[in-house]
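**Student:** With the working numbering as the guide, the letters of the sequence shown map in order to residues 6 to 123. Beta carbons: idealized from backbone N, C-alpha and C, even for Gly. Predicted model only: the values in this text are computed from it and were never measured. One structure, pasted below without further comment.
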Amino acid sequence: MERRHFNRVPFCTEATLFTAGLQWQTEIIDLSFKGALLNVPAGAQLKTGDEMTLSFTLQDSSTSIVMQGHISHIDKEQIGFHCTLLDIDSATTLRSLIALNLSDEHLLQRDLAALLRG
Numbered sequence: 006m007e008r009r010h011f012n013r014v015p016f017c018t019e020a021t022l023f024t025a026g027l028q029w030q031t032e033i034i035d036l037s038f039k040g041a042l043l044n045v046p047a048g049a050q051l052k053t054g055d056e057m058t059l060s061f062t063l064q065d066s067s068t069s070i071v072m073q074g075h076i077s078h079i080d081k082e083q084i085g086f087h088c089t090l091l092d093i094d095s096a097t098t099l100r101s102l103i104a105l106n107l108s109d110e111h112l113l114q115r116d117l118a119a120l121l122r123g
């Protein structure tokens, strides 16, 4: 059984995946400090390992989060996106977003410690 090192929080919003001059609209299903679970974009021909950038704007805000990474897995309807790089502004915003949704300081601190261990 797979053991996750980071808590996922449900987060339904539209997002854009970018790679090699192409882009697709998708929806985020959930988020963590190390990635996101996404719906497979219509018409996209993606494969595990593809380097991507995921970008989304928070609702009722002009604040965006931009994650760089790769596709860790794909099934019929969902894509696992593994984040490998996050700018400081995106990381700060993501931390606040996850803190609000976890509502447990211990879980947040555990995730941050795991993130720092790499």
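Considering only the alpha carbon of each residue, which of Q50, Q64 and F38 lies closest to L22?
**Tutor:** Q50
**Student:** Tell me whether T31 is buried or exposed, calling it buried when 16 or more other Cβ atoms sit within 10 Å of its Cβ.
**Tutor:** buried
**Student:** T62: which of E19, E56 and C88 sits nearest, CA to CA?
**Tutor:** With distances taken between Cα atoms, T62 lies closest to E19.
**Student:** For K39, count the other beta carbons within 10 Å of its own beta carbon; 16 or more makes it buried, fewer makes it exposed. Which is it?
**Tutor:** buried
**Student:** Per DSSP, which one or two residues make a beta bridge with D35?
**Tutor:** P15 and L42
**Student:** By how many angstroms is the C-alpha of T53 removed from the C-alpha of L99?
**Tutor:** 24 Å
**Student:** What is the DSSP secondary structure of L105, counted as helix, strand or coil?
**Tutor:** helix
**Student:** Are I70 and V14 closer than 8 Å when you measure CB to CB?
**Tutor:** no
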